[in-house]
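In our numbering, the protein residues as written are 629 to 1196.
Shown next, in C-alpha cells, is the structure this report addresses.
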C-alpha cells in the first residue's frame, strides 16, 4: 500500500508566526492570542509557543496546543457591509482605511503540552507570557508527535490524513497494540461511514506488518467484500504472507447445544410461567449433574431431565408426571428445530481465529434472539479459551486452545448491549471489556446510536472514533465517553461530512480530526440507489421480459371432427 511521503527529513521548515499571546484563558490550561490572519484559526488546528526550560540547561520547549474557540473582536463598521452594490474594500479605502486585514480575532487555545518520547505529553505548568509569539505547528512536527507509531511500522494502522492540512501532508497512524488491547468504539450516524472506517481498520490489521486474528459479527452482511484482500498485491508480504478471509453464512453457523447456559436457553424459548422456568432450571442442573465431566448433551437429554424434574409424588407415595413437562417439551422442540444449535457440530475458537485471518460471521438471516445467544456463546467461549490457554490449563489438542491474542468487532453494538434492556451479550461484553486486556482479547464496538448503548460498556472502550452525529441525545451521551482533551472537537460533529472522523483515546497521542483514507477493498455497505432502480424498471429490455413472462400460455387448438372423427 502506498503511503504519503513523510516530510520528517525531506526539508527544513520556517516557523510561521500567526499571532501574539494576549493572556490566560478561562481556565489554567488555556491561553488567548490575537491574530489578523483568518487562514489558520480553524477549530482543531495545532499551534505552539516556546518556553525556556531552566532544569535542562536552557533548552527551548515547544508547547503544543489546540484551537478550541475564536471570536471576531474588531472589524470594519457594519454600515460598510449594508450596501450590497458597493465593495466594502472600496468604501474602506475612501475613508482612509487601508489595512489589508481589517478583522481582528481572539483565539482560545487549550494547552496539550510538550512531547516526551517515553512519557507522552507533559504539562509544562508554565503559561505563555503576554506578547509571546504563537507559531503554526508544521506538518513534520505533527506527524512525529501525533502518531504513537509511524505509518508502515509494525503495530501501526494508517487510517488517513489530518483533516485541516493538505491531503497526505500529515498521515495519521494509530497504535494497534493500544487499539486492540484497550478496546475501541466507532460511533456515527447512519450514512456517516462507520462501516467504511471499520473496513479500513480491518484492512490495516491484516496487512503484513500486523497479521491480526480478527472476528467480525456482521448482522447486515456488509463485510463479505473483505475477501478481496486474498491475492491483493497490497497485502502480500515479502515472506509469502497473504491474509485469509473466511466468510461464514448462516448455513455455516453451528453452536453446540451443551455450550449454552440456562439463560441462553431461556432467551430462545417462548414466554414461560414462573413454574415452567423453575422446572427448566432444575432440569438444566440435572443434565449437568448426570453428564458429570461430559457436556455433550442435546435438547432430548434436556427434555428427559424436564420430565424428571417435574415428577410429583401423590399421597400414596406414587410418582406421577406434572403438568408443566409437556408444555416445556413443546417449547424445547422449537429449539431442537433451530438450524443454528446442534448436538455435536460447533464453531470452536480454532475455527474462528488464526493470525492473518479475518472471519466474518454473517447473521443477516437470523432472528434477534438467536443472534444474541450465538454472539454470547462465541464471546464466552473465546474469553474462556484465552484465559485457560494463558493460564496453561488446556493443551494444544483441546478445541478451545487459543495461543494468540484476538480482536472481535461487533456491528450494531447497541443491539447486543442495550442501555436499559436485558441482553444475553451485555454481561459477557462487560466481563471482556474489564478483564480481556490481561488475556489478549480485544473488542471493537460499532453503533449508530451511542445514546442507546450501555454506558458501562461504552466507557470501557479506551479508543473512540466519532463521526457525524446530529441526534442531540446521542451527542450528549458522547461527552461522558470521550477524554477531556477531545470534548472541544465534539462541537464539530454536526458539520462533519462522510468519511471525516474525530479520533480520541489510547491509540493516538492527542485527539485529532482525520479524513479516512480510501479502502483497498470494495465497500459492502453502500446505500441502495432507489431512483436508479426505479428507472431500470422501465428499460426497454426489462419491459419486454415482463411482457413475455406475463403473456398467457398458448393452448393447443382443438382438432375439427365430424361425428367424433378428426378431419385433420
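Glycine included, C-beta positions come from ideal geometry on N, C-alpha and C.
TODO: Could you work out which residue in 839, 804, 1094, 882 is closest to residue 863 when comparing CA atoms only?
DONE: 839
Open item on the list: Along the chain, where does the alpha helix (DSSP H) containing residue 846 start, and where does it finish?
Closed with: Careful: residue 846 lies outside any alpha helix (DSSP H), inside the beta strand (DSSP E) at 841 to 846.
Open item on the list: Contact between the segment 963 to 979 and the segment 876 to 891 is defined here as three or more beta-carbon pairs at a separation below 8 angstroms; is this criterion met?
Closed with: yes
Task: Closest Cα partner of residue 829 within the set 949, 1062, 1144 - done: 1144
Task: For residue 652: DSSP bridge partner residues - done: 659
Open item on the list: Suppose contacts are defined by Cβ-Cβ distances below 8 angstroms. Is residue 1129 in contact with residue 1095 by that definition?
Closed with: yes
Open item on the list: So within the segment 765 to 842, which uninterrupted beta strand (DSSP E) runs reach at least 3 residues, ignoring any that extend past its ends?
Closed with: 784 to 790, 799 to 803, 812 to 815
Open item on the list: Distance check for residue 1126 and residue 1140, CA to CA, integer angstroms please.
Closed with: 16 angstroms
Open item on the list: Helix, strand or coil for residue 1060? Go by DSSP, reduced to three states.
Closed with: helix
TODO: Using the DSSP secondary-structure output, state which residues sit across from residue 863 in a beta bridge.
DONE: Residue 863 is not bridged to any residue.
Open item on the list: Are there any heavy atoms of the ligand MG lying less than 7 angstroms away from the beta-carbon of residue 761, as far as the coordinates show?
Closed with: This structure simply doesn't include the ligand MG, nor any ligand for that matter.
Open item on the list: Just to confirm the assignment, what range does the alpha helix (DSSP H) spanning residue 978 have?
Closed with: 977 to 980
- [ ] Taking only runs that begin and end inside the segment 865 to 909, name each unbroken beta strand (DSSP E) of 3 or more residues, in chain order.
- [x] 872 to 876
Open item on the list: For residue 996, count the other beta carbons within 10 Å of its own beta carbon; 16 or more makes it buried, fewer makes it exposed. Which is it?
Closed with: exposed
Open item on the list: Per the DSSP calculation, residue 1091 is bridged to which residue(s)?
Closed with: 812, 1133
TODO: Could you tell me whether the Cβ atoms of residue 598 and residue 1135 are closer together than 8 angstroms?
DONE: With the chain covering 629 to 1196 only, the question about residue 598 has no answer from this structure.
TODO: For residue 1148, name the three-state secondary structure that DSSP assigns.
DONE: Note: residue 1148 maps to coil in three-state DSSP.
Open item on the list: Just to check my reading of the structure: residue 782 and residue 743 have Cβ atoms closer than 8 angstroms, yes? What is that Cβ distance to the nearest angstrom?
Closed with: About 21 angstroms separates the two Cβ atoms, so there is no contact after all.
TODO: Indicate the three-state DSSP secondary structure (helix, strand or coil) for residue 1096 in the structure shown.
DONE: coil
Open item on the list: Please state whether the Cβ-Cβ distance between residue 768 and residue 677 is less than 8 angstroms.
Closed with: For residue 768 and residue 677, no; Cβs fall outside 8 angstroms.
- [ ] Just tell me which of 925, 929, 848 has its CA closest to the CA of residue 993.
- [x] 848
- [ ] Please check the pair residue 891 and residue 915, which I expect to be a contact at CB under 8 angstroms, by giving their CB distance rounded to whole angstroms.
- [x] Wrong, their Cβ atoms sit about 15 angstroms apart, outside the cutoff.
Open item on the list: Distance check for residue 702 and residue 713, CA to CA, integer angstroms please.
Closed with: One alpha carbon belongs to residue 713, the other to residue 702, and they sit about 23 angstroms apart.
- [ ] For residue 1008, collect the residues of the same chain with a Cβ closer than 7 angstroms to its Cβ; drop the 5 residues on either side in sequence, then sort them by chain order.
- [x] 1056
Open item on the list: Between the alpha carbons of residue 1208 and residue 654, how many angstroms are there, rounded?
Closed with: No information on residue 1208 is available, as it lies outside the stretch 629 to 1196 that the chain covers here.
Open item on the list: Considering only their Cβ atoms, is the gap separating residue 1054 from residue 1085 smaller than 8 angstroms?
Closed with: yes
Task: Backbone secondary structure at residue 1031 - three-state DSSP - done: Shown here, residue 1031 sits in coil according to DSSP, grouped into three states, outside any helix or strand.
Task: Chain-order list of residues whose beta-carbon lies under 6 angstroms from that of residue 990 (same chain, five-residue window excluded) - done: 846, 849, 877
TODO: Give a yes or no on whether the C-beta atoms belonging to residue 745 and residue 776 are separated by under 8 angstroms.
DONE: no
TODO: Starting from the C-beta of residue 903, find all residues in its chain whose C-beta is less than 8 angstroms away, skip the five residues before and the five after it, and write them out in chain order.
DONE: 952
Open item on the list: Does residue 1161 come out as helix, strand or coil in the three-state DSSP assignment?
Closed with: helix
Open item on the list: I need the DSSP call for residue 1113, collapsed to helix, strand or coil.
Closed with: In this prediction, residue 1113 scores a pLDDT of 46, lower than 50, which makes its location untrustworthy; the coordinate-derived value is nonetheless stated afterwards. Residue 1113 falls in the helix class under three-state DSSP.
Task: Close beta carbons around residue 1037, own chain, < 6 angstroms, minus the five adjacent residues each side - done: 844, 1072
- [ ] Determine the DSSP secondary structure at residue 1166, reduced to helix, strand or coil.
- [x] coil
- [ ] For residue 1016, collect the residues of the same chain with a Cβ closer than 6 angstroms to its Cβ; drop the 5 residues on either side in sequence, then sort them by chain order.
- [x] 1022
- [ ] Starting from residue 957, follow the alpha helix (DSSP H) in both directions and report where the run begins and ends.
- [x] For residue 957, the enclosing alpha helix (DSSP H) starts and ends at 952 to 965.
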